[in-house]
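Comments concern the structure below.
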Amino acid sequence: MIADLFPHAQPGAGLIGGVMIGLAAAIMLLGLGRIAGVSGLAARATGIAGSGAPHGIAIAFILGLPLGASIVASVMDWKPATYPAPLMLVAAGLIVGFGTRLGSGCTSGHGVCGLSRLSWRSIVATGLFMASGFATVAVMRIAGVL
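Residue numbers (the working numbering): 229 to 374.
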């Protein structure tokens, strides 16, 4: 049974989160005509990108991500996550940022918005994101890190 393989899975929370992400993406696309890609919104909010969603919308969207997580954590029985060393997080962030620029978008832009629009570029990009994630986990397990 699948539940035995994933004893800590929370499908109800995942469903609610997925609906909320889809709703936010739909509101951005239908209301503003913009893709809800977090990397593009972060670039716009920080002034790196000169075009895209209105600056105030980008800032609100980016600030809403940790704010929403904080609100959920405060009202639910939540176990804090553990993270690797700060240097490892910075290195990983730089690698992800480079990949985001190389792939012309991030997992939210391609994986949520692009797939729902049946964009071939996003289908290929999401497949590559997934394959890279699978390969990374396999290498880390072989190396004994996971």
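The C-beta atom is built at its ideal place from N, Cα and C for all residues, glycine as well.
Here the structure is a predicted model, which is why all the values come from computation and not from measurement.
Task: Best match in 306, 356, 370, 312 for proximity to residue 330 [C-alpha to C-alpha] - done: Within the sequence shown, residue 330 is the residue found at index 102, counting from 1. If you compare the alpha carbons of 306, 356, 370, 312 with that of residue 330, the shortest gap goes to 356.
TODO: Compare the beta carbon distance of residue 280 and residue 341 with 9 angstroms and say whether it is the shorter of the two.
DONE: Start at 1 with the first residue of the sequence shown, and residue 280 comes out as number 52. Start at 1 with the first residue of the sequence shown, and residue 341 comes out as number 113. Not a contact, by the Cβ cut-off of 9 angstroms.
Open item on the list: Since residue 286 and residue 269 should fall inside the 8 angstroms C-beta cutoff, what is the C-beta to C-beta distance between them, to a whole number of angstroms?
Closed with: Position 58 of the sequence shown, counted from the first residue, corresponds to residue 286. Position 41 of the sequence shown, counted from the first residue, corresponds to residue 269. Correct: roughly 5 angstroms between the Cβ atoms.
Task: Helix, strand or coil at residue 305 according to DSSP, with G and I counted as helix - done: Position 77 of the sequence shown holds residue 305. Here residue 305 sits in coil by DSSP.
Open item on the list: For residue 276, count the other beta carbons within 10 Å of its own beta carbon; 16 or more makes it buried, fewer makes it exposed. Which is it?
Closed with: In the sequence shown, the residue the question calls residue 276 occupies position 48. Around the beta carbon of residue 276, fewer than 16 other beta carbons sit within 10 angstroms, so the residue counts as exposed.
Open item on the list: Distance check for residue 305 and residue 272, CA to CA, integer angstroms please.
Closed with: Within the sequence shown, residue 272 is the residue found at index 44, counting from 1. Within the sequence shown, residue 305 is the residue found at index 77, counting from 1. Spanning the two alpha carbons is a distance of roughly 34 angstroms.
Open item on the list: Please tell me whether residue 334 and residue 318 are closer than 9 angstroms, where the distance is taken between their beta carbons.
Closed with: Indexing the sequence shown from 1 puts residue 334 at position 106. Indexing the sequence shown from 1 puts residue 318 at position 90. Contact flag unset, no.
Open item on the list: Mapping the DSSP letters down to three states, classify residue 351 as helix, strand or coil.
Closed with: Residue numbering aside, residue 351 sits at position 123 when the sequence shown is read from its first letter. Three-state result, residue 351: helix.
Task: Same chain, Cβ closer than 8 angstroms to residue 293, five either side skipped, listed in chain order - done: Looking up residue 293 in the sequence shown gives position 65. Correct list, in chain order: 266.
TODO: Measure the C-alpha to C-alpha separation of residue 321 and residue 353 and round it to an integer number of angstroms.
DONE: The residue you call residue 321 lines up with position 93 of the sequence shown. The residue you call residue 353 lines up with position 125 of the sequence shown. Going by the C-alpha atoms only, they are around 18 angstroms apart.
TODO: Return the residue from the list 351, 289, 244 that minimises the CA-CA distance to residue 260.
DONE: Within the sequence shown, residue 260 is the residue found at index 32, counting from 1. 289 is the residue among 351, 289, 244 whose C-alpha sits nearest the C-alpha of residue 260.
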